[in-house]
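Start counting the sequence shown at 2; every next residue gets the next number (the numbering used here).
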Amino acid sequence: MNIIITGDFFISDEFKNKPLIDKSVIDFFQAADCRIVNLEAPLTSENPKNKILKSGPHLRMSEDAVMPFLKQLKVYGVTLANNHILDYGAKGLADTFAALKRNNIHYVGGGNNLAEANKPLTIEQDGMKVAILNFCENEWSIAEDDKPGANPMDIIDNTNQIKAAKATHDKVISIIHGGHEYYHLPSPRMVKQYRFYADNGADAIVGHHTHCIGGYEIYNEVPIIYSLGNFIFTRENKNPLWYSGLVAKLNLKPNKPIQFTLKATSQTPINYNLSLKEDEKNIFNDIKNFNRIIQDKELLAKEWHTFITSREKNYHKKLSPMSVLTNRYLKYVFYKFIFNQLYLNNNYLATFLNILRCEAHSDALIYTIRRLLYNK
């Protein structure tokens with residue numbers, strides 16, 4: 002059995018019924034046994050007034066725009082555990098479930114409650130029973146015991162899900178939506194965590210979310226692909242990384258480690274035509290370098306330091322409630338003359354660090370902020 006897995010899929014209404022996907026991609030997909038894409042937004046016409054309170058953009062797609070492309074690619078199932086699937090609330094997610102069911106497309110990683118969201122998708126073929134698990138980092142889309150949403154990243158819960166699936170399936174594939182946007186490498190924490198999933202029964206791990214191609218490793222015979230990048234995403238972006246991606250093709254055989262191949266894809270800016278990349282040499286040279294760094298703990302830490310240092314000022318500003326100011330003159334005055342004294346002094350930073358990293362304080366802080374935000 003072989004299974005194709007892609008990164009983020011987003012088609013806006015303006016591209017409905019347009020011939021976006023090249024025949025080379027269609028042929029590659031249709032030759033596979035099973036195809037899974039990440040549905041990066043709900044399928045809904047829900048009133049924009051009902052979008053959820055969150056930081057960052059709200060995304061949605063229409064059934065009419067999306068389904069012709071999914072059917073053209075013969076998509077079997079979609080992953081829903083991502084940071085946008087609940088952007089239009091419970092109604093938007095319910096609309097998504099209904100649209101997928103109407104079109105006989107399976108889904109995983111989302112549900113009407115936490116118990117539903119963490120159920121695996123089972124694929125049976127060639128005498129094999131394969132479980133697909135899907136979870137995402139904890140942003141604005143997360144399901145709760147009595148609330149709809151996505152299956153959240155939780156090391157204990159995810160590990161238990163992997164073990165439970167492994168007890169009733171021949172293979173378990175974990176698809177994870179997480180990582181740092183426009184960064185080609187996993188953080189040291191991600192490497193440790195994803196390897197732990199492999200140690201506890203995952204037969205393959207595939208990641209997306211970062212909007213750029215990442216590296217991979219074979220860890221104790223388990224392939225860990227850290228980021229596929231975008232598949233097709235019809236939103237303008239100034240970063241050229243946005244327009245390149247990978248498609249993973251996993252080859253599964255009974256009682257043998259999963260093998261895989263990667264195909265590079267590219268979108269054209271403005272009209273978003275998607276095709277298989279003809280010259281893959283440069284991309285795979287880059288990936289070879291990413292893989293080398295992933296295997297070197299010290300080098301990975303050094304690259305992580307460089308990346309975070311480049312984004313340091315953005316995180317500094319997030320420490321301050323003044324980050325919501327829209328008047329650029331007030332913002333300039335605040336950050337020029339006040340911010341360093343108030344928020345970058347050692348006493349404040351020491352307190353803030355302790356609250357974030359201490360488990361007990363972090364529990365209390367998250368609970369307190371949720372009460373303030375949702376009046377509970």
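For each residue, glycine too, the CB sits at the ideal point set by N, CA and C.
First and last residue of the uninterrupted beta strand (DSSP E) at residue i
i    : result
R36  : 35–40
F136 : 129–137
H209 : 205–209
Y217 : 217–220
I176 : 172–178
L275 : 275–277
L122 : 122–126
N231 : 231–234
P224 : 223–226
Range covered by the alpha helix (DSSP H) that runs through residue i
i    : result
V192 : 189–200
Q31  : 24–31
T352 : 347–358
T97  : 90–103
I157 : 156–169
Y316 : 313–319
Y117 : According to the sequence shown, residue 117 is Glu rather than Tyr. Counting along the chain, the alpha helix (DSSP H) containing E117 begins and ends at 115–118.
Neighbourhood of residue i by C-beta, 7 Å cutoff - its chain only, sequence neighbours within 5 removed
i    : result
H107 : Y77, G78, L122
W141 : I53, K55, N84, L87
G202 : I163, K164, K167, V173
Straight-line Cα distance separating residue j from residue i
i    : j    : result
D34  : I4   : 6 Å
I10  : R371 : Per the sequence shown, the amino acid found at residue 10 is Phe instead of Ile. Between F10 and R371, the C-alpha separation is close to 31 Å.
F338 : F232 : 44 Å
K250 : Y344 : 48 Å
N341 : A361 : 28 Å
E237 : K257 : 42 Å
A91  : K289 : 42 Å
N139 : K148 : 15 Å
K55  : Q73  : 34 Å
N274 : I22  : 6 Å
N51  : P69  : 27 Å
Q162 : I206 : 14 Å
S321 : R312 : 16 Å
L44  : N348 : 47 Å
L229 : A151 : 20 Å
A42  : Y368 : 27 Å
R329 : Y316 : 18 Å
F98  : Y198 : 28 Å
Close-in-space but distant-in-sequence residues of the same chain around residue i (CB under 8 Å, 5 per side omitted)
i    : result
Y183 : T211, H212, C213, N240, L242
M154 : F136, C137, E138, N139, I177, G179
N292 : G216, Y217, E218
N39  : T7, G8, D9, F10, V79, T80, N83, I176, H178, H209, F232
Y375 : none
E222 : P258
Three-state secondary structure (DSSP) of residue i
i    : result
E64  : helix
D364 : helix
A265 : strand
Y244 : helix
N249 : Checking the displayed sequence, the identity of residue 249 turns out to be Ala instead of Asn. DSSP places A249 in strand when its eight states are reduced to three.
V109 : strand
L373 : helix
A151 : strand
Q260 : strand
N3   : strand
T80  : strand
E145 : strand
D297 : coil
P69  : helix
D9   : strand
P49  : helix
L343 : helix
L331 : helix
I271 : coil
I284 : helix
I309 : helix
Residue i Cβ short of 7 Å to the ligand ATP heavy atom set
i    : result
L229 : Because no ligand of any kind appears in the structure shown, any question about the ligand ATP cannot be addressed here.
Cutoff 8 Å: residue i Cβ touching any chain E Cβ
i    : result
L101 : Structure shown: chain E not included; a single protein chain is present.
Residues near residue i by beta carbon distance below 6 Å, same chain, minus five either side
i    : result
N252 : N3, Q260
N119 : N152, Q162
H59  : K52, D88
T262 : K250
Query - Cβ contact check for the stretch 51–70 and the stretch 11–31: 3 or more pairs under 8 Å - result: yes
Requested in this report: Evaluate the contact criterion for the stretch 262–281 versus the stretch 301–315: three or more CB pairs, one atom per stretch, below 8 Å.
Outcome: no
Requested in this report: Decide if the stretch 124–138 is in contact with the stretch 166–179; the criterion is three or more beta carbon pairs, one per stretch, under 8 Å apart.
Outcome: yes
**Report entry** Three or more C-beta pairs below 8 Å linking the stretch 266–276 and the stretch 180–198
**Finding:** no
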